[in-house]
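**Student:** Mind having a look at this structure? Questions to follow.
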Amino acid sequence: MSKIRIDVDEDGVTKHARLSRTDELLPCAFCGDIEISLENTHTASYWLECQRCGAQVNGESEPGNSILDHECAAFSAIEKWNSRKPECEFLKQLKSLPFFEFVIQVKEREEKLSELLVF
Numbered sequence: 537m538s539k540i541r542i543d544v545d546e547d548g549v550t551k552h553a554r555l556s557r558t559d560e561l562l563p564c565a566f567c568g569d570i571e572i573s574l575e576n577t578h579t580a581s582y583w584l585e586c587q588r589c590g591a592q593v594n595g596e597s598e599p600g601n602s603i604l605d606h607e608c609a610a611f612s613a614i615e616k617w618n619s620r621k622p623e624c625e626f627l628k629q630l631k632s633l634p635f636f637e638f639v640i641q642v643k644e645r646e647e648k649l650s651e652l653l654v655f
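Per this note's numbering, the sequence shown runs over residues 537 to 655.
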């Protein structure tokens, strides 16, 4: 299980969880990067975020502000990050294409979508 340290700010109230080890986190499901950060909003509400592509997974928020609330919320985000569903076939195919072709396919889909949305 990942090690989490809870830091308390100088005000004695604001808390942040920090991962002491990230090697137990799966790589990003979208870009494969391993630079994943644990973020929070100064409350017991945490998410993991890929530093390369910005993909995020939110954990369950806890109502209190105790150290235990922060630990539970942080572990919830870690559990969700590591238990996501396998990639869909479309995403696997896109990843196998050279980046330029991927961008072209996205642009074509955006153009088709914008044509459909014209009133």
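Note that the Cβ used here is the ideal one computed from N, Cα and C, for glycine as well.
To the nearest angstrom, how far is the alpha carbon of Asn594 from that of His578?
**Tutor:** 14 angstroms
**Student:** In terms of residues, what are the limits of the beta strand (DSSP E) holding Asn576?
**Tutor:** Ile572 to Asn576
**Student:** Count the other CB atoms, across all protein chains shown, that sit within 10 Å of the CB of Ser556; report buried if there are 16 or more and exposed otherwise.
**Tutor:** exposed
**Student:** By the 10 Å Cβ neighbour count, where 16 or more other Cβ atoms means buried, how is Leu604 classified, buried or exposed?
**Tutor:** exposed
**Student:** Where in the segment 538-619 do unbroken runs of the alpha helix (DSSP H), each at least 4 residues long, occur, reported from the N-terminal end onward?
**Tutor:** Within the segment 538-619, the runs of alpha helix (DSSP H) that reach at least 4 residues and sit entirely inside it are, in chain order, 603-618.
**Student:** Let's test the definition: count the other Cβ atoms within 10 Å of the Cβ of Cys589 and tell me whether it reaches 16, buried, or not, exposed.
**Tutor:** exposed
**Student:** Which value, in whole angstroms, describes the spacing of the CA atoms of Asp543 and Asp569?
**Tutor:** 26 angstroms
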